[in-house]
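Numbering (the working numbering), first residue to last: 25 to 657.
Have a look at the structure below before the remarks.
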Amino acid sequence: MGESKHQPFQRRAGFVALLGLVVGGASCQVEDTEPPEEEEVGVAESAITVQQAIGSSCGTSSVRGLTMQIVARANCIAPGAFVEVPDLGNITFNDSVLPYLEEPARDALVNALNDNQGMSITINSMLRTVAEQLLLYRWYQNGQCGIGLAASPGNSNHETGLAFDTSQYAAWRPALEANGFHWFGSADTVHFDYAGPGAVDYKGTDVLAFQQLWNDNNPNDPIDEDGVYGPQTEARLLASPADGFPNPVECDEPVGDRPDIAVVATFEGSSDTFADGPSVGIVDLFETIPSTWTVLVDNVGAGAAADVTVAVELDAESFDVDDYAIERRSGAEAPFEADPASNASDNPPHNATLNGRIELHIGGILPGEQKRVSLSIDPLVYSVDKPTIPALKTWIAKVDDLYAQVEFGGEVTNVDGSQTFGGGRLEIAQQADIYSRTHWEWESPRLEGVSGVGGVTFASTAGSLQVQGGDAGGAIALPPSSLSLPAGGTVHLKASRTGGMGRARLLVAHDSSELDGAESIDLDIADDGVAHEVTVQLAPGSVERIALSPFSEAPGTAAIDFVRIEGAVPVPDDDDGGDDGLDDDGGDGADDIQGICSCIAVGRSVDGRAGGLGALALGLIALGRRRRDRSRR
């Protein structure tokens with residue numbers, strides 16, 4: 025892309041006291057799956073570089089001086105956004121921990137602590153800057169310091185001010201979830217992210233803060249101030265003094281009464297259902313089951329915007345838009361109401377299939393006002409066997425005469441740096457896997473939601489699901505399907521088995537997803553290690569779940585190439601987001617669109633209600649793009 029018109033800040037207003045900010049992922053990659061590691065304490069040496077600190081210490085405190093400058097500079101970019109967590113007596117911080125969260129997360133944690141004064145909690149990790157994350161990542165790469173896994177710099181949830189780790193996760197989980205925190209789950213048991221009212225996530229702000237610090241102290245070797253972590257930014261970070269730069273941190277003067285637009289993208293009613301292999305943290309949709317994707321546009325500036333255009337670009341082979349609605353509200357606590365822009369003549373028609381690139385003119389936005397674009401997304405085809413994960417992209421194409429962007433990842437015009445979201449790039453992309461309720465292929469490492477019954481073990485390799493061990497009659501259960509077979513149907517599968525005893529059986533649960541009492545159908549699959557294709561007839565009715573038991577009497581090994589249910593019609597349910605939430609005229613069918621657990625790509629400001637647009641969930645990627653003509657980073 026071309027050279028950005030977003031210029032480094034020029035105004036200086038003196039030293040800023042540390043408020044405690046570091047920023048990271050527009051969620052979704054919103055979430056990394058770092059393991060629970062406790063940061064070891066190192067001894068900071070004077071006059072060493074970050075590169076030298078990597079080889080001479082095993083503690084992030086070795087770059088504490090630079091870290092504090094990054095935090096202070098980040099507070100210049102987003103004043104007062106993050107605050108120190110107080111010591112209330114029942115909270116302990118390990119030695120290398122920076123005890124800072126953004127203010128809503130801090131307040132929620134304080135509430136949880138005050139409500140549970142008879143319990144104590146130890147924080148293993150909380151806020152990290154890009155400098156600290158670089159240390160952890162290099163130690164992980166080099167096999168140093170006992171770090172078993174670490175996210176790459178710029179991509180850790182711990183850089184957002186929303187995340188912390190605690191080894192007392194089981195005891196504290198109910199209290200934390202009651203106060204808006206989201207437990208990451210079995211992939212990272214110690215990890216919590218704040219997802220409640222007021223949750224804010226500034227992807228790349230700590231990177232931008234370092235870039236500005238470098239340029240302030242190295243005017244003859246400038247790098248782009250774009251908030252994107254790349255090779256040139258890494259090279260300068262490695263060469264930076266671990267104790268910090270000699271020049272004091274200075275903030276920029278405010279730009280005046282101008283709009284400042286932020287954007288949030290959300291899948292309503294959808295989540296990472298399967299948390300599956302390489303797609304952990306990516307929302308799961310289902311073939312032909314509609315889902316609502318919303319884009320929340322928020323004016324966090326002091327001035328009104330008169331003319332804002334939102335652009336959306338879909339993976340054309342994977343998604344259609346069946347309809348859309350534009351709404352507005354006066355603030356995060358107010359209800360949404362229909363916006364006249366929804367039916368403006370310069371916007372696309374309603375109830376018509378839209379594909380590829382879509383532009384929506386949403387009109388003006390007052391300070392503190394929010395506009396919501398809701399799109400009914402139709403996932404077209406199973407994508408699990410594809411080499412890349414389909415994505416939906418959105419960006420702000422125009423804000424008055426202050427900001428313009430023709431293409432996602434393209435050249436940006438940002439007058440005087442007035443737009444601050446994403447380091448001055450108002451764009452977000454969100455990936456989504458498209459699974460099926462009627463066929464499972466295992467052409468990728470994804471397990472596609474299967475589970476073991478009776479102790480069997482399994483893995484997806486070489487284009488099939490490999491199954492072994494377990495008890496007699498152990499089975500592989502496919503995920504609940506909720507299918508209707510109005511005229512009957514068939515199950516077509518291909519599998520091999522060897523080394524066990526007894527017949528292979530297909531289990532069909534008709535009334536519930538539980539397999540107890542399921543219909544058992546013998547399968548003609550010889551115990552010879554050769555793949556056999558089998559077709560089983562099913563009577564009209566419903567199918568809630570099916571399972572395959574390779575051996576009825578003694579376990580062996582089996583490989584399942586595919587399972588396909590033909591003649592079935594998926595029955596939408598709440599988890600699939602089957603109702604698109606839109607009236608025929610493009611209006612919001614009901615405001616309960618906000619009340620469902622969502623997968624969200626977060627920006628400057630989000631909905632004030634927990635569990636809706638204020639919820640930080642899984643699988644978002646805020647894609648910062650490198651400028652083509654300026655590779656310095």
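Beta carbons: idealized from backbone N, C-alpha and C, even for Gly.
Bear in mind the structure is a predicted one, so any value in this text is a computation, not a measurement.
Q | Three-state secondary structure (DSSP) of Cys623 | A | Low local confidence applies: a pLDDT of 38 at Cys623 is under 50, so the model's placement there is unreliable, with the coordinate-based value given in what follows. Correct three-state label for Cys623: strand.
Q: Run through the segment 70 to 145 for me and flag every whole beta strand (DSSP E) of 3 or more residues, listed as ranges in chain order.
A: 106 to 108, 115 to 117, 124 to 126
Q: Examine the Cβ distances between the segment 238 to 245 and the segment 265 to 277 and report whether three or more of them are shorter than 8 Å.
A: yes
Q: Output yes or no for whether 9 Å exceeds the beta carbon distance between Gly580 and Gln492.
A: Contact flag set, yes.
Q. Does the beta-carbon distance from Asp409 to Glu341 come in below 9 Å?
A. no
Q: Pick out whichever of Ser536, Pro221, Pro391, Asp248 has its Cα sitting closest to the Cα of Val231.
A: The shortest Cα separation from Val231 among Ser536, Pro221, Pro391, Asp248 belongs to Asp248.
Q | Within the segment 245 to 296, ranges of the beta strand (DSSP E) (whole runs, at least 3 residues) | A | The DSSP assignment places 285 to 292 as complete runs of the beta strand (DSSP E) inside the segment 245 to 296, in order along the chain (cut-off: 3 residues).
Q) At which residues does the beta strand (DSSP E) containing Tyr427 begin and terminate? A) 427 to 429
Q) Sorted by chain position, which residues of the same chain lie with C-beta nearer than 6 Å to Ser176's C-beta, five sequence neighbours on each side aside? A) In its chain, beyond the 5 residues on either side, Tyr161 have a beta carbon closer than 6 Å to the beta carbon of Ser176.
Q) Are the beta-carbon atoms belonging to Leu261 and Val74 less than 9 Å from one another? A) yes
Q.
Using C-beta distances below 8 Å, list every residue in its chain close to Glu543, excluding the 5 sequence neighbours before and after it, in chain order.
A. Leu531, Val532, Ala533, His534
Q | Cα-Cα separation, Ala211 to Ser80 | A | 31 Å
Q. Can you name, in chain order, every residue of its own chain whose Cβ lies under 7 Å from the Cβ of Gly1, other than the five neighbours on each side?
A. The structure shown does not extend to residue 1, since the chain spans only 25 to 657, so no value can be given for it.
Q: Spatial neighbours of Gln490 within its chain, please: CB distance less than 7 Å, with the 5 preceding and 5 following residues excluded, ordered by chain position.
A: Phe482, Ala483, Ala583
Q | Cβ pair count under 8 Å reaching 3, the segment 122 to 133 against the segment 99 to 113 | A | Proximity of the segment 122 to 133 to the segment 99 to 113 meets the contact definition, three or more beta-carbon pairs being nearer than 8 Å.
Q) Quick one: what does DSSP say Val154 is sitting in, helix, strand or coil? A) helix
Q. Exposed or buried, Gln236, counting other C-beta atoms within 10 Å across all chains shown (16 or more means buried)?
A. buried
**Q.** Residue of Gly293, Gln168, Gln157, His182 minimising C-alpha distance to Tyr124
**A.** The candidate whose alpha carbon is nearest that of Tyr124 is His182.
**Q.** Same chain only: Cβ atoms within 6 Å of Tyr193, ignoring 5 sequence neighbours per side
**A.** Thr213, Val214
Q. When burial is assigned at 16 or more other CB atoms within 10 Å of the CB, is Val430 buried or exposed?
A. exposed
Q. Candidates Pro411, Ile545, Gly142, Gln76: which alpha carbon is nearest Pro469's?
A. Pro411
Q | Length at least 4, wholly inside the segment 353 to 420: the alpha helix (DSSP H) runs in chain order | A | none
Q. Does Asp540 get closer than 9 Å to chain D when you measure Cβ to Cβ?
A. No chain D is part of this structure, which consists of one protein chain only.
Q) Taking C-alpha atoms, which residue in Ile101, Leu547, Val480 lies nearest to Cys275? A) The candidate whose alpha carbon is nearest that of Cys275 is Ile101.
Q. Looking at the unbroken alpha helix (DSSP H) that takes in Val558, where does it start and where does it end?
A. Run containing Val558: none in the alpha helix (DSSP H); it sits in the beta strand (DSSP E), 556 to 562.
**Q.** Host beta strand (DSSP E) of Leu517 (start-end)
**A.** Run containing Leu517: 513 to 522, per the beta strand (DSSP E) assignment.
Q. Can you tell me the Cα-Cα spacing of Gly565 and Ser508, whole angstroms?
A. 6 Å
Q: Drop a sphere of 10 angstroms on the beta-carbon of Ala453, count the other beta-carbons inside from all chains shown, and report buried for 16 or more, exposed for fewer.
A: buried
Q: Report yes or no: do three or more beta-carbon pairs, one from the segment 327 to 344 and one from the segment 353 to 361, lie closer than 8 Å?
A: Under the 8 Å Cβ criterion, the segment 327 to 344 does not count as touching the segment 353 to 361, having fewer than three qualifying pairs.
Q) Among Leu159, Ser180, Gly178, which one has its Cα closest to the Cα of Ile171? A) Leu159
Q) Would you call Asn203 buried or exposed, if buried means 16 or more other Cβ atoms sit within 10 Å of its Cβ? A) buried
Q | Contact set for Arg97: own chain, Cβ-Cβ below 7 Å, skip 5 residues either direction | A | Ala233, Gln236, Leu237, Val273
Q | Nearest-angstrom Cβ-Cβ length linking Ile350 and Ser369, presumed shorter than 8 Å | A | Wrong, their Cβ atoms sit about 13 Å apart, outside the cutoff.
Q. In three-state DSSP terms, what is Glu590?
A. strand
Q: Spatial neighbours of Glu568 within its chain, please: CB distance less than 8 Å, with the 5 preceding and 5 following residues excluded, ordered by chain position.
A: Pro504, Ser505, Ser506, Leu507, Ala533, His534, Asp535, Ser536, Ser537
Q. Rounded C-beta distance between Ala335 and Arg381? I'm assuming under 8 Å.
A. 7 Å
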